[in-house]
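Structure, as structure tokens:
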């Protein structure tokens, strides 16, 4: 059975983006995301897919859209629901990652097994997109790794892995 994991960088106030882009630039988090998701299926909404300059290498893209006849230039899987996206992942796959956006994260919250969160230690009040609240009653942090602000990172952040309680 495939383990379903949401992976996201989120601010202290759960902000994740504005104008279909992240509100911060954290090179080490990009490397962490690449290392974590490489070789796996990634499930995302159409707007998240379109926010990439090009498809992410070494990952199978599953794109959810309500647009009929949505086409991509590559051999991605395009479906019209989260349920179909999950079913598109072969059962022998160890892991599949939900990578956004806000509505997909919200819809997937009750279906996922694990959260891989990069907690950005700042608030972004002008954000338009937010990650769902992570309930202490439903989720427990099992691993944390702090990264201080430095010359390449304008914000301190912490990698957190959550398991469902």
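Residue numbers (full-length UniProt numbering): 1 to 165. Each residue gets a CB set at the ideal place from its N, CA and C atoms; glycine is no exception. As the structure is a computational prediction, the values presented were derived from the model and not from experiment.
Could you pull the start and end residues of the alpha helix (DSSP H) that residue i belongs to?
i, result
"residue 122", "That residue, residue 122, is in no alpha helix (DSSP H); it is neither H nor E in DSSP."
"residue 128", "Run containing residue 128: none; DSSP gives neither H nor E here."
"residue 183", "Outside the displayed span of the chain (1 to 165) sits residue 183, for which this structure offers no information."
"residue 91", "That residue, residue 91, is in no alpha helix (DSSP H); it is neither H nor E in DSSP."
"residue 48", "46-51"
Tell me where the beta strand (DSSP E) around residue i begins and ends.
i, result
"residue 97", "95-100"
"residue 164", "157-164"
Going by C-alpha distance, which of the options is nearest residue i?
i, options, result
"residue 50", "26, 76 and 152", "76"
"residue 100", "27, 31, 64 and 89", "64"
"residue 69", "79, 55, 61 and 57", "79"
"residue 107", "119, 46 and 132", "132"
"residue 41", "47, 32, 67 and 56", "56"
"residue 61", "43, 73 and 71", "43"
"residue 21", "162, 8, 28 and 32", "8"
"residue 172", "28, 141 and 116", "Shown here, the chain extends from 1 to 165; a query on residue 172 therefore has no answer."
May I ask you to list the residues that DSSP assigns as paired with residue i?
i, result
"residue 6", "98 and 115"
"residue 153", "150"
"residue 18", "21"
"residue 11", "120"
"residue 41", "60 and 96"
Quick one: what's got a C-beta closer than 8 Å to residue i's C-beta in the same chain, skipping five residues either side?
i, result
"residue 111", "4, 82 and 86"
"residue 128", "17, 18 and 19"
Suppose you measure from the CA of residue i to the CA of residue j; what does that come to, to the nearest Å?
i, j, result
"residue 122", "residue 158", "11 Å"
"residue 72", "residue 46", "10 Å"
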